[in-house]
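Structure, as structure tokens:
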Amino acid sequence: MNSSFQNIINSEKPVLIDFFATWCGPCKMLAPILKEVKDSLGEKVSIIKIDVDKNQELASMQQVRGVPTMMLYQNGKQLWRQSGVLSKDEIIKIITDRSN
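The opening residue of the sequence shown carries number 1 in full-length UniProt numbering; numbering runs sequentially from there.
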């Protein structure tokens, strides 16, 4: 997963990574919000969901301590990171303000 993770985050298009767990209540609240973000931004962003229970090594390498944790990457650089649930408008603003 690590080499494919590198390929994903090296994209010229902004990539929002959502580290989540199936048992996590806030993660379940965030899922429909991320769908709305994708519906609003369309092809301007990729949203990738990564289950921490199925990808423990990657979550550990990325120092994910709590879920949900979102990270925004573009061209291999981490532009933003936060744990917890944000609103659709907050996430869209972060993506548009921090990416090229």
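Where is the CB? At the ideal position from N, CA and C, for every residue including glycine.
- For the UniProt domain "Thioredoxin" (1–100), the continuous alpha helix (DSSP H) assignments of 4+ residues that do not extend past its boundaries occur at 2–9, 25–41, 56–61, 88–98, in sequence order.
- A residue is called buried when at least 16 other Cβ atoms come within 10 angstroms of its Cβ; A59 meets this threshold and is buried.
- Looking at the backbone, the Cα of N10 and that of A21 are separated by about 24 Å.
- Between the C-alpha atoms of D39 and N2 there is a straight-line separation of about 28 Å.
- Just so you know, the alpha carbons of D53 and P26 end up roughly 16 Å apart.
- It is roughly 12 Å from the alpha-carbon of G42 to the alpha-carbon of P14.
- Counting only the Cα atoms, K88 lies some 15 Å from I17.
- Taken atom to atom, the span from the alpha-carbon of N100 to that of L86 is near 21 Å.
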